[in-house]
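Undergrad: Using our numbering, the first residue of the sequence shown is number 153, and each one after it goes up by one. This structure is in structure tokens; I'll ask about it shortly.
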Amino acid sequence: MTACAIEPSADPGSDDPPRAGCSIAAEGAYAARLARSGDSWYPERWTLDGPEPYAVPLPGNQPEEPGTEVQPMGDGRVLVHRTAAGRHLFSLLYPTGPCTGELPLGAIECPADTTRLRLLPPAPGGERAYALAVGPRSTVLWQVAGGAFGPERVAEVPGRCSGGAWLDRTGRILAVDRETGGRTKAVVVDLERDGEVSPLLQIAADSDDRILLADPDSGLVLIRSDAPSPGRGRLGWGVLGSTLPVRFPECLRLTDCVVTPFAIQPGQALTPERCAVALRVDGAFGSWVGVWRPAEREVRHLPAPEGWLAGAGLWTADGELRLPCATPQSPCAVARLAPDTGGGRAGDAEDSAPHETDGSAASDGPGEPDGPDTSAAPAPAPPRPVPLQQAPLARRVTK
């Protein structure tokens, strides 16, 4: 069976990030993707934590549609999201000798005015999976795997939500981008408080502020906002739990390219400015890899390895970047890069120009605390994240 990679598209004028070539579990042990044999698509599971990566095809009774979503679970099963006649169907696939076993989880019937339902990034722990159903005025958060009775409605969030980033290691605190009143702001959804919503990212009143990626170990977050350049989003970074303002380094502005962060180096609890960040760069001549650290003033551009499943990869704590690749000669491989980015000086990050605004949201400093109460929740709940650029970041989500 010959497999080839999906080739996601990237639109420089779109706010949605380009689709990654595969989905990797939060702990990095498994990955899943749609592979193709001729004109037929089928799910494929990759095992990444052994001596050598290997793939297991999981074809069902009929070929999959190109838009079918797949996601690896922590136990090696693969979650599949299919659509049929307006219904969203969820199943877990697993190998059973030469065949594929399938455990149906149930279906979600969305109202006709629901624009889309899509899976969120893999949740920490790998036992649960979630999806967002976006309607014209509100968004429903569903737990589609790991529940006792099939898909379970978790919360309804006013506004149209997109994106999704986990801010802790327990799968409790979720950040999403919420559009209300024509503006998009990142908010926090607390899954253990019945989906309670609180602000997270508010740079300016009239800016669109989105969260792209977060690392629970260091608190480093990558964001996109048009606050410094109205009408055009720019990449910036901040730290949950510190007094650093959001900053927008000039080196992350690449003309005529779409730059999407896809992996942050874990295990850097006290030095977020030294975390290596992997970037997918899409330009007129294809896609390649960028590596950047907040403590540096430049992006290192690296050619993409042959067959890279663009936008997919993970860092090890010691700074090795692992990129899944698939070619006809090597249908399951991982390129291991140890880019010599240097440690840099922590102070170098302060040379990146911060965004300046009028009023209490000025990013030269943390601003006056005019947001929600920043006190810790009663035990055993973790401290709540407070809005970046709105209040002193004196607390951080627990790991």
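Positions of the beta carbon are idealized from the N, C-alpha and C atoms, including for glycine.
1) Count the other CB atoms within 10 Å of the CB of Gly-494; is the residue buried (16 or more) or exposed (fewer)?
2) Taking Gln-295 as the reference, give the member of Arg-330, Val-429 and Leu-284 with the closest Cα.
3) Can Cys-477 and Glu-448 be called in contact, C-beta distance under 8 Å?
4) Taking DSSP as the reference, what is the three-state secondary structure of Cys-174?
5) If I measure Cβ to Cβ from Ser-455 and keep anything under 7 Å in the same chain, skipping five residues before and after, which residues do I get?
6) Roughly how many angstroms separate the alpha carbons of Trp-198 and Thr-252, rounded to a whole number?
7) Quick one: grab the DSSP three-state call for Arg-321.
8) Determine, using beta carbons only, whether Ile-363 and Val-349 come nearer to each other than 8 Å.
9) By DSSP, does Leu-406 sit in helix, in strand, or in coil?
10) Tell me which residue opens and which closes the beta strand (DSSP E) that Val-306 is part of.
11) May I ask you to report which of helix, strand or coil DSSP gives Glu-221?
12) Between which residues of its own chain and Cys-409 is the CB-CB distance below 8 Å, once the five residues before and five after are set aside?
13) Would you call the CB atoms of Arg-452 and Pro-491 closer than 8 Å?
14) Which same chain residues end up closer than 7 Å to Glu-179 when comparing Cβ atoms and leaving out the 5 residues on each side of it in sequence?
15) With distances taken Cα to Cα, identify the nearest neighbour of Ala-181 among Ala-485, Ser-189, Pro-205 and Ala-187.
16) Could you give the distance in angstroms between the alpha-carbon of Pro-211 and the alpha-carbon of Arg-376?
17) Taking the beta strand (DSSP E) that Arg-280 falls in, what are its first and last residues?
18) To the nearest whole angstrom, what separates the beta carbons of Ala-207 and Pro-483, a pair I think is in contact under 8 Å?
19) Just how far apart, CA to CA, sit Glu-221 and Arg-270?
20) Does Arg-426 come out as helix, strand or coil in the three-state DSSP assignment?
21) DSSP has Gln-295 in a bridge; who is on the other side?
22) By a C-beta neighbour count over all protein chains shown, 10 Å radius and 16 as the cutoff for buried, is Gln-481 buried or exposed?
23) Around the Cβ of Asp-360, are there at least 16 other Cβ atoms within 10 angstroms (buried) or fewer (exposed)?
24) Can you give the Cα-Cα distance for Gly-228 and Pro-368, rounded to whole angstroms?
25) Just to check my reading of the structure: Pro-274 and Gln-223 have Cβ atoms closer than 8 Å, yes? What is that Cβ distance to the nearest angstrom?
26) Three or more C-beta pairs closer than 8 Å, one from the segment 327–345 and one from the segment 378–392: is that the case here?
27) Which residue marks the beginning of the beta strand (DSSP E) containing Ile-375, and which one marks its end?
TA: On the basis of the coordinates in this document:
1) Confidence in Gly-494 is poor, its pLDDT being 41 and thus under 50, which makes the residue's placement too unreliable to answer from.
2) The residue with the shortest Cα to Cα distance from Gln-295 is Leu-284.
3) Taking 8 Å as the Cβ cut-off, Cys-477 and Glu-448 do not qualify as a contacting pair.
4) For Cys-174, the secondary structure class from DSSP, reduced to helix, strand or coil, is coil.
5) Residue identity check: residue 455 is Pro in the sequence provided, not Ser. In chain order, Trp-440 place their CB closer than 7 Å to the CB of Pro-455, counting only its own chain and leaving out the 5 sequence neighbours on each side.
6) In a straight line, the C-alpha of Trp-198 is about 15 Å away from that of Thr-252.
7) In the structure shown, Arg-321 sits in coil (DSSP, three-state: anything other than H, G, I, E or B).
8) Taking the C-beta atoms as reference points, Val-349 is found no nearer than 8 Å to Ile-363.
9) In the structure shown, Leu-406 sits in coil (DSSP, three-state: anything other than H, G, I, E or B).
10) Val-306 -> beta strand (DSSP E) spans 304–310.
11) The three-state secondary structure of Glu-221, taken from DSSP, is strand.
12) The residues are Pro-164, Val-433, Asp-434 and Gly-435.
13) In contact: Arg-452 and Pro-491 (Cβ atoms closer than 8 Å).
14) So the list reads Gly-226 and Gly-278, once near-sequence residues are dropped.
15) Nearest to Ala-181 by C-alpha distance, out of Ala-485, Ser-189, Pro-205 and Ala-187, is Pro-205.
16) One C-alpha to the other measures close to 38 Å.
17) Looking at the DSSP string, Arg-280 is not in any beta strand (DSSP E), and its letter there is neither H nor E.
18) Sure, about 6 Å apart at Cβ, within 8 Å.
19) Counting only the Cα atoms, Arg-270 lies some 8 Å from Glu-221.
20) Note: Arg-426 maps to helix in three-state DSSP.
21) Beta-bridge pairing links Gln-295 to Tyr-282 and Glu-304.
22) Looking at its Cβ environment, which holds fewer than 16 other Cβ atoms inside 10 Å, Gln-481 is exposed.
23) With 16 or more other Cβ atoms from the protein chains shown falling within 10 Å of its own Cβ, Asp-360 counts as buried.
24) When only Cα atoms are considered, Gly-228 and Pro-368 end up about 23 Å apart.
25) Right, the Cβ-Cβ distance comes to about 6 Å (below 8 Å), so this counts as a contact.
26) Fewer than three pairs of CB atoms, one per stretch, sit closer than 8 Å, so the segment 327–345 makes no contact with the segment 378–392.
27) First-last of the beta strand (DSSP E) with Ile-375: 372–377.
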